[in-house]
Amino acid sequence: MKNMPIKTSVLQKFEALSDRQPLLVNAPGRVNMIGEHTDYNAGLVLPVAVNRSLIFAIAENNEEVCRVYAQDLADEVEFSVENPEPLNKQYKQWANYVIGVVGELRKAGYFATNFDCVFGGNIPIGAGLSSSAALTAGLAFALNELYGFEIPKMELAKIAQKAENNFGGVDCGIMDFVASLFGKEGHAIRLDCRSLEHRYIKLRPEGYQLVLCDTQIKRSLAKSEYNARRNECKRVLSEYKRFYPDIQSLRDLTINMAYDYKNQLPDTLYQRCRYIIKENVRVEHACEDLINGDVYAFGAQMYLSHEGLQYDYEVSCRELNFLVEQTKRDENVAGARMTGAGFGGCTVNVVRDDYLDTFTENMKQAYRKKFSRELRVYPVKVTNGISIIDN
Ligand code: GLA
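In this text, residue positions in the sequence shown follow our numbering: the first is 142, and each later residue adds one.
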């Protein structure tokens, strides 16, 4: 099955499971260009959907149970839509996401019957490209189509987020689901996580592409430190509420407001706060830079964002820092930063088209020399969001 197109292998597996004609859905992973850790602070983010995706084949089955097969993990789960409870099994985390989508749809008043589903894809797992959001949002979309629920896409994003929060035990924000559902070819999505208003910003000028450098560091700290940062932000908010009772989130603070009561907070908490406030401003600048077609100004915002994540928010790691640092001296790279939750995973780089091969070679060599590890480099294309595909 190794070299077979994903759709063919997913369909083949599905045919072994069911006689029915399945619905096919494609759900992309995402890369966040800038606006990191701002989503759960009601801030601004700028993600894109990329051409690494999960494909689902799904049909009702008239049986007592759902049968869901995760092709890339060669693992399966059976459960009834009547009883969508999280499994108490760490190693079947993926299954909790699946059950979670069914459970959260029910909570919202949408009742699926039992179904068969096979899914598989090429989103590297644990690399920070949100394979889990592609799974939950992709399945929510597929069930919405299959049962004609007519749920608006932003509601699907919220349902998928709740599946991860309540069944997967990950307290993530809404960005990844919106990116996977709302992606648009050649565009980034400027999402305001307070109002959920979103706008498309064209990625220009031509002649540059997005390239991911995957540290291959599995993000073991990601979950605990992610939740720790969320709690720190809650503490910062309650501290500042003493002085500014009207603020609802860190989004409502300006740098001057924060600075005025800096001494009332432990240094670390002030650093976290400063990062969030400045990162929201950077997203605004980055959008303007894209609109103006100034790729190097955009890149400069990416570098500043990385610095903030490295020193103030402290969610980077030495491998990510090294990779970003490497590109700073290279005029063929407009910008680079870590992307996603941090502690490993990928950097995203804006690289001149005609420089891709040299870039790949240089980065791999430098990484090998420094860490005696292999770097994976993936050029990615910015694609449309979740959609039905032909059989
Ligand atoms: C993870 C979460 C997102 C977001 C990013 C950091 O990807 O799932 O909601 O918080 O980290 O920007």
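Backbone N, C-alpha and C fix where the C-beta goes; we use that ideal spot for every residue, glycine too.
Helix, strand or coil at residue i [DSSP, three-state]
i      : result
SER336 : coil
GLN357 : coil
GLN562 : Absent from the structure is residue 562, since the part of the chain shown begins at 142 and ends at 532.
CYS313 : coil
LYS375 : helix
LEU185 : strand
ASP257 : strand
GLY250 : coil
ILE388 : coil
TYR347 : As written in the sequence, residue 347 is Glu, which differs from the Tyr given in the question. Three-state result, GLU347: coil.
SER273 : helix
ILE264 : coil
ILE527 : coil
GLU201 : strand
ASN404 : helix
PHE484 : coil
LEU228 : coil
GLY434 : coil
LEU297 : helix
MET533 : The structure shown does not extend to residue 533, since the chain is modelled only from 142 to 532, so the question has no answer here.
GLY449 : helix
MET145 : coil
SER457 : coil
ASN532 : coil
Through-space distance from residue j to residue i, alpha-carbon basis
i      : j      : result
CYS487 : SER457 : 10 Å
PRO163 : GLU305 : 25 Å
ASN532 : LEU165 : 7 Å
ASP435 : LEU337 : 27 Å
THR409 : TYR508 : 31 Å
GLN357 : ILE264 : 13 Å
VAL239 : LEU195 : 13 Å
TYR381 : LEU394 : 9 Å
LYS469 : ALA268 : 22 Å
ARG517 : VAL352 : 10 Å
GLY449 : TYR416 : 6 Å
GLY480 : GLU204 : For the sequence presented, residue 480 should be read as Thr rather than Gly. Spanning the two alpha carbons is a distance of roughly 42 Å.
ALA427 : ARG383 : 32 Å
PHE463 : GLY485 : 12 Å
GLU177 : PRO520 : 21 Å
CYS414 : LEU391 : 7 Å
LEU378 : TYR402 : 12 Å
LEU370 : SER159 : Correcting the residue identity first, residue 370 is Arg in this sequence and not Leu. So the two alpha carbons sit approximately 45 Å from each other.
ASN182 : TYR400 : 18 Å
ILE388 : VAL206 : 47 Å
VAL311 : SER271 : 12 Å
GLU533 : GLY241 : Past the edges of the chain, shown from 142 to 532, lies residue 533, and the structure says nothing about it.
TYR349 : ARG423 : 21 Å
GLN212 : PRO386 : 51 Å
LEU187 : PHE318 : 13 Å
ASP180 : CYS313 : 9 Å
ALA274 : PHE197 : 14 Å
ARG514 : ALA441 : 28 Å
GLY553 : GLU347 : The shown model of the chain, from 142 to 532, leaves out residue 553, and the question about it has no answer.
LYS510 : ILE396 : 41 Å
GLN153 : GLU219 : 19 Å
PHE451 : ARG340 : It should be pointed out that residue 451 corresponds to Gln in this sequence rather than to Phe. Approximately 28 Å, taken between the alpha carbons.
LEU344 : MET443 : 14 Å
GLN405 : GLY309 : 36 Å
Rounded Cβ spacing between residue i and residue j (contact assumed at less than 8 Å)
i      : j      : result
VAL474 : PHE500 : 7 Å
PRO121 : ARG247 : The question about residue 121 has no answer, for the chain in this structure spans 142 to 532.
MET253 : ALA281 : Reading the sequence as shown, one finds Ala at residue 253 and not Met. Actually they do not touch by this definition, with Cβ atoms about 10 Å apart.
ALA438 : GLY324 : At roughly 24 Å, the Cβ-Cβ gap does not stay under 8 Å, so ALA438 and GLY324 are not in contact.
ILE432 : ILE342 : 7 Å
VAL222 : PHE155 : Their Cβ separation, rounded to whole angstroms, is 19 Å, which puts VAL222 and PHE155 out of contact at 8 Å.
ASP257 : ASN202 : 5 Å
CYS465 : MET174 : The question names Cys, but residue 465 is Val in the sequence shown. The pair is not a contact, with the Cβ atoms about 14 Å apart (cut-off 8 Å).
Chain C within 7 Å of residue i, Cβ atoms only
i      : result
GLU425 : The displayed structure is made up of one protein chain only, and chain C is not part of it.
Bridge partners - residue i, DSSP secondary structure assignment
i      : result
TYR341 : ILE330
ALA477 : ASN490
GLY170 : VAL191
CYS207 : PHE220
TYR519 : LEU353
GLU425 : According to DSSP, GLU425 bridges with nothing at all.
ILE196 : ASN167, GLY261
LYS325 : HIS328
- Going along the chain, which residues put their C-beta within less than 5 Å of some heavy atom in the ligand GLA? GLU177, HIS178, ASP180, CYS313, GLY314, MET316, ASP317, GLY481, ALA482
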